[in-house]
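Read the structure below first, then the notes.
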């Protein structure tokens, strides 16, 4: 058992499948990015309004990218190569290239190293250690990069070079070098290394792709037109570097079966998944070596260690023990081969807002395994868009996963500011079964009146904004990362979390306060609500309400020591166990208390 | 749960002789009914329901009920097998093993009377049910046709508000058809049942009236799962959480949030591990902590370890006592603002549930009024609310949207959580909608249009039926059903095997949704789709690893096979929809063969013939340059080697590459009928080779090249056998390929038909 399995019931079979479902993308596949930074003299000028040189700004962007990777996907490999240096550490065949960091996982040490260039930059030191030169050959530089990629032993999913430079024509005087560089760039492309250029220019300066990079990057004129203006772009250098990092591999491939003998193939992507929190691990106090737990199952009567083959799965129902072999459970879950089966079509409006059970997928045609998929896919997509229909499908995502019903909703390509924000395809939305929908008896009978509705309408108009999920970062996650980062990088101050999910009440008051007051008067709402709701707390008209006691400041450990654990509610106990990664072996209160006591050595 | 929340259910089963009729070769009516009863019992049992069930049989040889006077025929042959009680194994065992067919005909009306009596009798014992229900399982063969009794029953059912449902082998459709043509008794489509008798039809009529008067219905065996759904919905009660919904500093509405929709994972699906040889022994687990290095030292979980996080590959120990990693928050439900519903896409939705938000009734009616007016305004403006929700001070804030929802019955909001920026996984994919290559033609589009109309699940079956063909509220999770059944089976017959699930009814449950629309017309349309959309399944090949071209000398050792590999390479795999290939605009040096193929295929797909020729010539020129470059490279390799080792891999590799290009060039030249330019090229290439071969240090390599590739594969000029218009015949072609070898010193004397001098010279220039 690994640390990931920190809480929850390990024998809960139903959840096990889901875990895989959510975390499938993490781990096995790695992306790699090599930052290639121009160190020739032209990079060491300061923009008029700034304190830092272009080079420092590049390094800051690189550093941000490192930090970003640590939050999101710390298994990815990153590296840094300087070129146009005087010194080199790459052997005499590769002059003017300095390999600062080989491709490896980002770490605190590496970030601190980058900080020497991004903040606290000492140009004198740089000159003596690395130096500048214009005598480089991009041909060799690309060659070296390619060598760096091929020296990585892990399987890499994507390989990317991000080149920071100010020169739109690096070898303007030497046509041979230029030609060699172009060819080598093409070669990189051919072996699957993606080369990207981030132009680093001063305000008003131009970066003409057509001089060199259009050929090197194989951009058409149209492609170039789509590129943002480099001088504006540099302000958001970090954002640019980051936004390019959108290569995703499909979660899986599934057949879309229209009938028993008509099937096309689709790639399945996940567009929205909860970003996992960094998980707490435990280190050996003495050596700071990571630790793990091993779980052994044994027969309490004999002490014999048992393996999976010696075990059966059991349930106790009404005092009767029912057992199954693990294979039998699998056979119960097996309904057929993975795939999507079209059952029919239905009006989009038939999907009611409450019909949701878990995050969905995104379908994109896959021509690789079934040729002709795209055309049929596109015909379906076009017609579903036109007729405002969705496709009702049965989905089986993997062999031993029971089927679910999904709605395939047509998605057009969406483009904003020349950047694709949504590719075309089908959104896969999970629909509930009857088992999942709950009956709620509370019926709200109050009537509306046009004046009150009108007041609220005014209120709504004043409080309207354009929602975009990209504008909200997870504040709790940020807080956690900032704290970890501050310690890792030995910062004196922890970066402050800007919690954008907090409502701007001043603004609300200013814009809509008037109407809200009016509504309060209209309905005779009491000024202070608290007293009233307390008084009538028990009268919930038949709705079961969780008693959320003020459990905010309960010190479970202290309560335990005082022998008052029994007085606490199960949610509080569970919460405590979750925080302390205590594994629950049962759900009954007694079990929980036992576990907590043993954890606290009581 | 208080007593008045529970349901009382009487299962009224017909065991008369006629119930031995077979549904299919294996199953009798009675067995089918028993299976259904088991399902009902299992559902109740495994969901820990407190509902009470009674089982009454009619058509039994014996009699055991309160109404029977002990001698008359009235209420005779009705047995209360089990009085109201919470379901248990005993009941399940009884149903599974103790019910048998009799040789008499029971009276369903007597059965219903006893059932009603069972309710009223129980009421006297102070058992109060919230819902009362009778489910009768019968084939309608038997009833005493007594008008008085019928009236009495109807009155009693209504008086006690008991719902009556009937399950029978006959579908609604059968019933109705029989109504329309009472004389033409017919079997239903599935061949599940015998034709109905006059008697059965009369009984159906009576029961339908009874059921309908109690808001009940008639169900066929087929529809049983639908019937079960009416239970399920009631068995889960949602508990609510109170919040104060705030807008600004002063405005507050007390609300209650309840789960409306969440994946149901029954608690009993959580297994424990037991010892296979002795199932009564529950395994214990023992967790040990060890270091994650080679030493694997044992550690004490409490004293020897320290908490840490990983920052990239760096370990960061954290002292939780001094550092707070948690964001300080307070419980809240605060509105940030409103946004147009179109800004919130359904695919944003995150989390595992949807909550229904209603005003807190405890706060008073005025708040309910405020609430409904707000929802109404949101509904009319077509906006959703955006809220920050914090469950308690220990939880993380989440962002969610409030969706106004108004029906005839109620008015409420639904809360659905939304992603943070961190949760979005962005992807960029090519827009195939704008690619000519994938554009469906008018015919194809019309076909899909027809298909959608034909497979539309929204349309009504017939006019007077409101029910839609797919309704999530009536569609069951077949897995849960299967699990319940397996547990039930294993519990009552521990040694028996699980059923064969491949042919289990749960397997086709979902497919059935679509079956009603799968008529001949749909079949025909699907058949035409197969004809109109060319679809070809490609065999998946193991992906070839990308080679690093900078490692020139390192090469696959089996390079003898390399030729074949290249030949085999599945073109369509190369021509995939992936972004990479669409970017290829020129033949490159690394995989010229693939590039060339892709470009040619694109040409073949996208343009008309005149354009093709022009474009093709362009591409040919590109690959011709590469052919020559590659060959030159091979000579360079050769010159760098001191001893002239013929088998040198470097030389061979480049020669091979060069030759493969010629091969593919020839292949497409034939396909595109472009023999002239190819023949000219090959002739020019040969002359170039002959010239090169004159340089003594390359002589061997060039000869070797010609022999090993051209002669061995007999690759020569395109003949008139391949392209009609070609002026090269087979003999000439054979002659051509032979000659470099035969007469290398006298190269210019070879018998080559040079047809187009100018072209030839251009190509020679190129060389």
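Protein chains in written order, with our numbering: chain S, 1 to 602; chain F, 603 to 1369.
The C-beta atom is built at its ideal place from N, Cα and C for all residues, glycine as well.
Note that the structure is a prediction, hence the values are computed from the model and not measured.
For residue i, does the three-state DSSP call read helix, strand or coil?
i: residue 684 of chain F; result: strand
i: residue 1051 of chain F; result: helix
i: residue 1000 of chain F; result: strand
i: residue 1370 of chain F; result: Only positions 603 to 1369 of chain F appear in this structure, which leaves residue 1370 of chain F out of reach.
i: residue 442 of chain S; result: coil
i: residue 448 of chain S; result: coil
i: residue 609 of chain F; result: strand
i: residue 635 of chain F; result: helix
i: residue 953 of chain F; result: strand
i: residue 1293 of chain F; result: helix
i: residue 986 of chain F; result: strand
i: residue 847 of chain F; result: strand
i: residue 38 of chain S; result: strand
Take residue i and list the residues in its own chain whose beta-carbon comes closer than 6 Å to its own, dropping the five residues that flank it on each side.
i: residue 983 of chain F; result: none
i: residue 1056 of chain F; result: 1123, 1124, 1127
i: residue 1110 of chain F; result: none
i: residue 1007 of chain F; result: 1014, 1016
i: residue 632 of chain F; result: 621, 703
i: residue 956 of chain F; result: 862, 863, 1016, 1018
i: residue 981 of chain F; result: 1006, 1008
Let me check understanding here. Comparing Cα to Cα, which of the options lies closest to residue i?
i: residue 260 of chain S; options: S/327, S/336, S/293, S/295; result: S/336
i: residue 94 of chain S; options: S/580, S/81, S/463, S/389; result: S/81
i: residue 83 of chain S; options: S/135, S/54, S/116; result: S/135
i: residue 1121 of chain F; options: S/411, S/344, S/595, S/570; result: S/344
i: residue 460 of chain S; options: S/334, S/268, S/514; result: S/514
i: residue 1268 of chain F; options: F/1307, F/1097, F/1218, F/1235; result: F/1218
i: residue 157 of chain S; options: S/489, S/116, S/33, S/43; result: S/33
i: residue 511 of chain S; options: S/481, S/198, S/464; result: S/464
i: residue 373 of chain S; options: S/191, S/503, S/267, S/482; result: S/267
If you drop the 5 nearest sequence neighbours on each side, which residues of the same chain put their C-beta closer than 8 Å to that of residue i?
i: residue 193 of chain S; result: 145, 146, 149, 159, 160, 161
i: residue 104 of chain S; result: 77, 78, 79, 110
i: residue 922 of chain F; result: 909
i: residue 668 of chain F; result: 682, 716, 719, 720, 723
Starting from the C-beta of residue i, find all residues in its chain whose C-beta is less than 7 Å away, skip the five residues before and the five after it, and write them out in chain order.
i: residue 756 of chain F; result: 812, 815
i: residue 1430 of chain F; result: Examination of residue 1430 of chain F is not possible in this model, given that chain F is present from 603 through 1369 alone.
i: residue 785 of chain F; result: Only weak support exists for where residue 785 of chain F lies, its pLDDT of 40 falling under 50; the coordinates are left without a value.
What residues in the segment 387-403 of chain S bring their beta carbon closer than 7 Å to a beta carbon of chain F?
-> 387, 389, 392, 394, 402, 403
At which residue ranges does the segment 136-188 of chain S contain complete alpha helix (DSSP H) runs of 4 or more residues, listed in the order of the chain?
-> 138-150
Cβ-based contacts, 9 Å cut-off: residues of the segment 138-153 of chain S near chain F | 143, 146, 147, 149, 150
Chain F contacts made by the segment 71-102 of chain S, where a contact means CB separation under 8 Å | For chain F, the residues of the segment 71-102 of chain S that bring a beta carbon within less than 8 Å of one of its beta carbons are 71, 72, 74, in chain order.
Residues of the segment 299-313 of chain S with Cβ closer than 8 Å to any Cβ of chain F, in chain order = 299, 300, 301, 306, 309, 310, 311, 312, 313
Can you give, in chain order, each stretch of the beta strand (DSSP E) that sits fully within the segment 853-878 of chain F and has at least 3 residues?
-> 853-864, 874-877
Complete runs of the alpha helix (DSSP H) confined to the segment 379-404 of chain S [at least 4 residues] = Runs of the alpha helix (DSSP H) inside the segment 379-404 of chain S: none found.
Name the residues in the segment 945-958 of chain F whose C-beta lies less than 7 Å from a C-beta of chain S; which are they?
-> 945, 946, 948, 949, 950, 951, 952, 954, 956, 958
Select from the segment 349-371 of chain S all residues with a C-beta closer than 8 Å to any C-beta belonging to chain F, and list them in chain order.
-> 350, 351, 352, 353, 354, 355, 356, 357, 358, 359, 360, 362, 364, 365, 366, 367, 368, 369, 370, 371
Residue ranges of each alpha helix (DSSP H) within the segment 1194-1239 of chain F, 4 or longer = 1194-1208
Taking a Cβ distance cut-off of 9 Å, strictly less, list which residues of the segment 968-981 of chain F are near chain S, in chain order.
-> Residues of the segment 968-981 of chain F with a Cβ closer than 9 Å to any Cβ of chain S, in chain order: 968, 969, 970, 971, 972, 973, 974, 975, 976, 977, 978, 979, 980.
Please list the residues of the segment 413-427 of chain S that have a C-beta atom closer than 7 Å to any C-beta atom in chain F, keeping them in chain order.
-> Result list: 413, 420, 423, 424, 427.
Members of the segment 171-192 of chain S that neighbour chain F once the beta carbon cut-off is set at 8 Å | So the list reads 183, 186, 187, 189, 190, 191, 192, given in the order they occur along the chain.
Curious, which full-length beta strand (DSSP E) runs of at least 3 residues does the segment 888-927 of chain F contain?
-> 907-913, 916-919
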